[in-house]
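Keeping their order, the protein sequence lines are chains A and B.
The opening residue of the first sequence carries number 34 in the numbering used here; numbering runs sequentially from there.
The opening residue of the second sequence carries number 50 in the numbering used here; numbering runs sequentially from there.
Beta carbons are placed, not taken as given, at the ideal position from N, Cα and C, and that holds for glycine.
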Amino acid sequence: MATVEQRPAHVQDEHLAPSGGIVLKDIPWALYEALRDLEENWHIKMTYDDGVLELMSPSPKHESLKTRIGRLIEALTEELRIPIEGFGSTTWKRPDNRGGLEADTCYYIVNEPLVRGKEEIDQQLDPPPDLAVEIEVSRSAVAKVPIYAGLHVAEIWRCDGKSLRTFHLTPGGEYVEQELSLNLPFLRVADLVPFLARRRGADSNAWIGEFRAWVRERFGTGISGR
Amino acid sequence: MATVEQLLADERIERLAPSEGIVLKDVPWALYEALRDVEENWHIKMTYDDGALELMSPSNKHESIKKRIGRLIETMTAELHIPVRPLGSTTWKADRSEKKGGLEADECCYILNERFVRECEEIDLALAPPPDLAVEAEVSRRAVPKEPIYARLGVPEVWRCDGKSLRSFQLIAGEYVENEMSLNLPFLRVADLMPFVKWRPGAGGSEWIQEFQTWARSNFADQIRTSRSAAAGGTPARNLL
Chain A
34 MATVEQRPAH
44 VQDEHLAPSG
54 GIVLKDIPWA
64 LYEALRDLEE
74 NWHIKMTYDD
84 GVLELMSPSP
94 KHESLKTRIG
104 RLIEALTEEL
114 RIPIEGFGST
124 TWKRPDNRGG
134 LEADTCYYIV
144 NEPLVRGKEE
154 IDQQLDPPPD
164 LAVEIEVSRS
174 AVAKVPIYAG
184 LHVAEIWRCD
194 GKSLRTFHLT
204 PGGEYVEQEL
214 SLNLPFLRVA
224 DLVPFLARRR
234 GADSNAWIGE
244 FRAWVRERFG
254 TGISGR
Chain B
50 MATVEQLLAD
60 ERIERLAPSE
70 GIVLKDVPWA
80 LYEALRDVEE
90 NWHIKMTYDD
100 GALELMSPSN
110 KHESIKKRIG
120 RLIETMTAEL
130 HIPVRPLGST
140 TWKADRSEKK
150 GGLEADECCY
160 ILNERFVREC
170 EEIDLALAPP
180 PDLAVEAEVS
190 RRAVPKEPIY
200 ARLGVPEVWR
210 CDGKSLRSFQ
220 LIAGEYVENE
230 MSLNLPFLRV
240 ADLMPFVKWR
250 PGAGGSEWIQ
260 EFQTWARSNF
270 ADQIRTSRSA
280 AAGGTPARNL
290 L
């Protein structure tokens, strides 16, 4: 059905630049948590998988792309009156203490009613976010996809600035690429790519205005059934 | 003679690449020690100063400069019969005062004080003097400066090499002051080593070190004679300031 080139989500892209991050091994869970709990270091991304800990300080390019995708998701769902809750770079931890990470940004969409208005997520009781976004302008040493699988995050978007791909979690615990979003099933995710870069000369308001116009034209002003 | 502060204002330092590590803040000493103790991560350089912790994974360029300088020191001291105890990238901790610090040099050794650690397998800074000479290969900017930690450790001499120049700094009244001549090898104008540190394409491995041996022998023949006669006299060879 999908014509997009299917690549399993766990394949790391070798052509990406090394992350400039630091990878530590044999790190006990408690040590990861102690590091993560240091509030001063909230801006350092920490990805933990079974003893391996990657620390990363995202580049400006990374942050800029992340902000743009966040704005697109928010503008799209606003135009179509789809309620969402964003939880940015909250740290998510697997209950078995074997994995922890921060998404570049993440949202509740399908499960939004379950967390509506919450300022904090209780990771024991609340569901995981529905959609995690990963900006991939440099290579990560520690693969995040298996950690997401352990967290049961239903959908991951991976963006390298030139492409935007969506992966859905199967019942078997693997991520498979699809053309359409899971949380926003009317959306062919690749259609957002032209909006990742701003048209030359357009300021950010013109840019998001053009995007909203595209959304209205494409999808109308509301999705029936919600 | 330039002080470290003057050097920080120096253009030359600014041109270094931005730091290629991660800096964490507000890190308790115990957490730094716990991280440092994980043996698997011995190759990650960790510089700790009063809560700031820089983690660095050294680049190839960094490693090759460091190794070359290490070889030059070893070769020179061997040629001139100067006892030396090289200690590579041992972790040194200044943990006896409030402001704790810890670091690894790129290379370090005992030269002037070698005899005080000759019998020790492990070196306890509560009993032994700090290393005499630390070498820093600096191809990228450091977020957590190492000089203040070296000063608290009392390391008498630090060499800094950015790939273009090699400079020696001596600890005077708690600060590092640049000097042309080495403290531990007082006959040596440290910058004279730089041509041997620079990588030359096509230079075979052993040719380079042989060239250096020849250069050392011809320039410092006096040193060999002094060292040999001191050794023959039964006293450890020492360089007198």
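Taking Cβ-Cβ distances shorter than 7 Å, what residues in chain A pair up with residue i?
{"i": "G70/B", "result": "I55"}
{"i": "L152/B", "result": "Within 7 Å Cβ-Cβ: nothing; L152/B doesn't reach chain A, min ~16 Å."}
{"i": "L182/B", "result": "Those within 7 Å of L182/B in chain A number zero; the least Cβ separation is about 28 Å."}
{"i": "N233/B", "result": "Within 7 Å Cβ-Cβ: nothing; N233/B doesn't reach chain A, min ~33 Å."}
{"i": "N268/B", "result": "Result: empty, since nearest Cβ-Cβ is about 42 Å, beyond 7 Å."}
Determine the chain B residues that contact residue i at a beta-carbon separation under 7 Å, and present them in chain order.
{"i": "I60/A", "result": "V87"}
{"i": "L88/A", "result": "I71, L104"}
Just verifying my parser: in three-state terms, what is the DSSP assignment at residue i?
{"i": "R251/A", "result": "helix"}
{"i": "T203/A", "result": "coil"}
{"i": "N228/B", "result": "strand"}
{"i": "V184/B", "result": "strand"}
{"i": "W91/B", "result": "coil"}
{"i": "L150/A", "result": "One detail in the question is off: residue 150/A reads as Gly in this sequence, not Leu. In the structure shown, G150/A sits in coil (DSSP, three-state: anything other than H, G, I, E or B)."}
{"i": "T139/B", "result": "coil"}
{"i": "L184/A", "result": "helix"}
{"i": "S189/B", "result": "strand"}
{"i": "T126/B", "result": "helix"}
{"i": "F228/A", "result": "helix"}
{"i": "G223/B", "result": "coil"}
{"i": "R198/A", "result": "strand"}
{"i": "L217/A", "result": "coil"}
{"i": "V207/B", "result": "strand"}
{"i": "T284/B", "result": "For T284/B, the predicted structure reports a pLDDT of 41, less than 50, and the residue's modelled location is therefore unreliable. The matter cannot be settled from this model."}
{"i": "V72/B", "result": "strand"}
{"i": "F269/B", "result": "coil"}
{"i": "R85/B", "result": "helix"}
{"i": "K247/B", "result": "coil"}
{"i": "A67/A", "result": "helix"}
Under a Cβ-count criterion, where at least 16 other Cβ atoms within 10 Å of its own Cβ denotes burial, should residue i be classed as buried or exposed?
{"i": "H92/B", "result": "exposed"}
{"i": "E152/A", "result": "exposed"}
{"i": "L220/A", "result": "buried"}
{"i": "N233/B", "result": "buried"}
{"i": "I221/B", "result": "exposed"}
{"i": "K177/A", "result": "buried"}
{"i": "Q259/B", "result": "exposed"}
{"i": "K213/B", "result": "exposed"}
{"i": "V111/B", "result": "For clarity, residue 111/B is His in the given sequence; the question names Val instead. Buried, since its Cβ has 16 or more Cβ neighbours within 10 Å."}
{"i": "G205/A", "result": "exposed"}
{"i": "N238/A", "result": "exposed"}
{"i": "P91/A", "result": "buried"}
{"i": "F236/B", "result": "exposed"}
{"i": "T203/A", "result": "exposed"}
{"i": "A127/B", "result": "exposed"}
{"i": "P89/A", "result": "It is worth fixing the name first, because residue 89/A is Met in this sequence and not Pro. Classification of M89/A: buried, given that the 10 Å Cβ count is 16 or more."}
{"i": "T263/B", "result": "exposed"}
{"i": "L289/B", "result": "Reliability of the predicted coordinates at L289/B is poor, the pLDDT of 35 falling under 50, and the value obtained from them is presented with this limitation in mind. L289/B comes out exposed."}
{"i": "K126/A", "result": "buried"}
{"i": "D95/A", "result": "The question names Asp, but residue 95/A is His in the sequence shown. It counts as buried."}
{"i": "G223/B", "result": "exposed"}
{"i": "K94/B", "result": "buried"}
{"i": "K58/A", "result": "exposed"}
{"i": "T275/B", "result": "buried"}
Anything in chain A within Cβ reach of residue i, meaning under 8 Å, just list it in chain order.
{"i": "K74/B", "result": "L71, E73, N74"}
{"i": "A83/B", "result": "L64, A67"}
{"i": "K228/B", "result": "Reading the sequence as shown, one finds Asn at residue 228/B and not Lys. Correct list: empty, because the minimum Cβ distance to chain A is about 34 Å."}
Report the neighbours of residue i on chain A: residues whose CB is nearer than 9 Å to its CB, in chain order.
{"i": "L80/B", "result": "L64, A67, L68, L71"}
{"i": "N162/B", "result": "The premise fails here: N162/B is roughly 34 Å from chain A at the closest Cβ pair, so nothing lies under 9 Å."}
Checklist line | Residues in the segment 64–86 of chain A having any Cβ partner in chain B nearer than 9 Å | finding: L64, A67, L68, L71, E72, E73, N74, I77, G84
Notebook entry, point to check: Listed from N- to C-terminal order along the chain, which residues in the segment 93–127 of chain B have their beta-carbon within a distance smaller than 7 Å of any beta-carbon of chain A?
Noted result: Of all residues in the segment 93–127 of chain B, those with a C-beta nearer than 7 Å to a C-beta of chain A are I93, L104, S106, reading in chain order.
Notebook entry, point to check: Is there contact here, the segment 188–195 of chain B with the segment 155–171 of chain B, by at least three beta-carbon pairs under 8 Å?
Noted result: no
Notebook entry, point to check: Does the segment 96–103 of chain B touch the segment 116–130 of chain A, meaning 3 or more C-beta pairs lie closer than 8 Å?
Noted result: no
Note to self: Taking 8 Å as the cut-off, does the segment 116–130 of chain B touch the segment 71–88 of chain B (at least 3 CB pairs, one atom from each stretch)?
What the structure shows: no
Checklist line | the segment 172–180 of chain B contacting the segment 131–149 of chain B, beta-carbon criterion three pairs below 8 Å | finding: Judged by Cβ distances under 8 Å, the segment 172–180 of chain B makes contact with the segment 131–149 of chain B, as three or more pairs qualify.
Next item on the list: Examine the Cβ distances between the segment 59–68 of chain A and the segment 158–174 of chain A and report whether three or more of them are shorter than 8 Å.
Entry: Verdict: no, contact absent.
Next item on the list: Spell out a yes or no on whether the segment 78–88 of chain A and the segment 129–136 of chain A are touching, meaning 3 or more CB-CB pairs, one atom from each, closer than 8 Å.
Entry: Below 8 Å, enough C-beta pairs join the segment 78–88 of chain A and the segment 129–136 of chain A to call them touching: three or more.
Checklist line | Cβ pair count under 8 Å reaching 3, the segment 197–216 of chain B against the segment 178–189 of chain B | finding: Judged by Cβ distances under 8 Å, the segment 197–216 of chain B makes contact with the segment 178–189 of chain B, as three or more pairs qualify.
Notebook entry, point to check: On the three-pair Cβ rule with 8 Å, is the segment 186–199 of chain A touching the segment 98–107 of chain A?
Noted result: By the Cβ test, the segment 186–199 of chain A is in contact with the segment 98–107 of chain A, since at least three Cβ pairs between them sit closer than 8 Å.
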